Amino acid sequence: MNDIPFTASATPSLGIELELQLINLIDGHLSDKSLEIIPLCNDDSHIKKELTLSTIELNSSVHDTPFTLYEEINTLARKVATIAADKQCGLCGGGRHFSNIWKNQTITPSKRYAELHELQGFLSKLSCVFGQHIHVGVGSGNDAIYLCHALIPYLPHFIALSASSPYYQSEDTGFDSSRFSALNSFHTFGQIERDIDNWHKFIGYVEECTELGVIRSQKDIYWEVRPKPELGTVEIRVCDTPLTLFHAAMLGGYAQLLVKYLLKNRVPIAQARNAVTHANAFYAQRYGYEALYIDINKRIRIPLTVHIQDMFSTLENGANVEEKKVLSYLSSYVQHGVNDASRLREKVQSGMSELEVISDLMEMLLPTAHITHSPS
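Using my numbering, the letters of the sequence shown correspond one by one to residues 36 to 411.
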């Protein structure tokens, strides 16, 4: 069996990947100019291309706190927006473009993306959606595998807290997060299999799936929580891209606190039926804050917001000043009962045009940055 080395990292360090919409400033539609903009940024480590030309991905450095992460991601986004403005483009958050027609998307030229397009067909363009991936550093592969299981009960928290994709092709889907409808068809999407309970078994799983042609490489495993051995992290992949960068950073802070707590207070790998964990995720996608949550330990259904706030209260015990700021922000966010999906609906229901909505979203992400041109 071939070894997959796990690069241990400081626990619990923090990083994020943030997929942003590249917007045509003239009509508010998605723009395909990412390859005209990214090289001008001169930062291949932090500003990257993605599967479609209408996406620009920001990759943070490794941070100790979400507050320094926010400072960096804000600086990166402003740099991109300034250069994009010269191409009549801007940036905004949101898990899905308000009116994007999937067939109009262009796959980014690259060998890997061409292979994905060949395998996935129309799903490659249909999956032109925008997410936030959160990386938290862990000390070993075994810890990463444990967390792939232990974090599953909390994924609905991240779904509801980040939900920002209620519209698809200008229609209200009824979902707070419709982004998943474009991802669920991928054959390697989902959650870690129950019998993979240590790093050795994960290596065996990767080897078997590769030999059988299920995957080409470990990169093809799209679990909702997965290990990232080359980075020494566990990666949470269920978040829509929020409408503001600060909220994205605070979601990273919550993940960091959860990982810290779960490593200190080890729990048995949950034996909840897949139907239960899938139902909890579905309800969060569909209803956001109004979702019910199946508490498998107590065998009851409770409001998802109660489960979220209970976890915030647990994490507050022993939290330092900065960690309490993260929890206070998110707790207030939940108490107000308005998430990004609600904000989008409010804009549309107020009578704003599509272009006005998109302009507002660009302003929310980076106030005035999308109209600031770089010096000639």
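Backbone N, C-alpha and C define an ideal beta-carbon position, used for all residues, glycine too. Keep in mind the model is a prediction, meaning the values are calculated, not measured.
Residues near residue i by beta carbon distance below 6 Å, same chain, minus five either side
i      : result
Val97  : Ser48 and Gly50
Phe215 : Gln320
Ile231 : Phe237 and Tyr240
Gly386 : none
Among the options, the one whose alpha carbon lies nearest that of residue i
i      : options                           : result
His282 : Ala376, Leu365 and Lys333         : Leu365
Asp330 : Pro338, Gly323 and Tyr324         : Pro338
His342 : Asn352, Asn135 and Val369         : Val369
Glu228 : Asp395, Leu196 and Tyr181         : Tyr181
Asp62  : Cys124, Thr103 and Glu106         : Cys124
Ser197 : Gly129, Trp258 and Asp121         : Gly129
Ala217 : Glu107, Lys160 and Lys114         : Lys160
Leu379 : Ala290, Lys122, Gly209 and Val173 : Gly209
His222 : Arg261, Ile142, Ile250 and His168 : Ile250
Gln140 : Glu85, Leu93 and Gly225           : Glu85
Ala43  : Leu292, Thr245, Pro262 and Thr100 : Pro262
Ser205 : Gln253, Glu106 and Ile136         : Ile136
Lys138 : Leu280, Asp67 and His371          : Asp67
Ala119 : His371, Ser145, Pro74 and Gly174  : Pro74
Ser175 : Pro264, Lys83, Val294 and Ser145  : Pro264
Ser145 : Cys163, Thr87 and Cys127          : Thr87
Exposure label - residue i; buried when at least 16 CB within 10 Å
i      : result
Lys333 : exposed
Ile187 : buried
Gly267 : buried
Ser409 : Residue placement at Ser409 is flagged as unreliable, the pLDDT there being 49, under the threshold of 50; a coordinate-derived value is accordingly withheld.
Ala310 : exposed
Ser411 : Unreliable positioning characterises Ser411 in this predicted model, as indicated by a pLDDT of 41, which lies under 50. A coordinate reading is not provided.
Phe157 : exposed
Asn109 : buried
His170 : buried
Ala45  : exposed
Pro101 : buried
Gly288 : buried
Asp284 : It is Ala, not Asp, that sits at residue 284 in the sequence shown. Classification of Ala284: buried, given that the 10 Å Cβ count is 16 or more.
Ala149 : exposed
Gly323 : buried
Leu292 : buried
Gly172 : buried
Close Cβ partners of residue i (< 7 Å) along its chain, the five nearest in sequence each way excluded
i      : result
Ala316 : Leu190, Pro191 and Ile194
Lys382 : Val392 and Asp395
Asn233 : Asn177 and Ile180
Leu362 : Phe347, Leu350, Glu351 and Ala354
Beta-carbon proximity list for residue i, same chain, < 8 Å, skipping 5 on both sides
i      : result
Asp38  : Ile238
Tyr202 : Arg131, Phe133, Ser134, Thr208, Ser213, Leu379 and Val383
Tyr296 : Thr349 and Leu350
Val302 : Ala185
Inter-residue CB distance, residue i and residue j (contact presumed, cutoff 8 Å)
i      : j      : result
Leu53  : Gln167 : 5 Å
Ile58  : Met397 : 6 Å
Ser69  : Thr103 : Rounded, the Cβ-Cβ distance is 27 Å, inconsistent with contact.
Leu55  : Leu93  : 7 Å
Ile304 : His184 : 4 Å
Closer than 7 Å: residue i CB and nearest the ligand MG heavy atom
i      : result
Ser199 : Absent from the structure shown: the ligand MG. Ligands present: none.
(Q) Restricting to runs no shorter than 4 residues, where is the alpha helix (DSSP H) found entirely within the region 380 to 409? (A) Counting whole runs of 4 or more residues, the region 380 to 409 contains the alpha helix (DSSP H) stretches 389 to 400.
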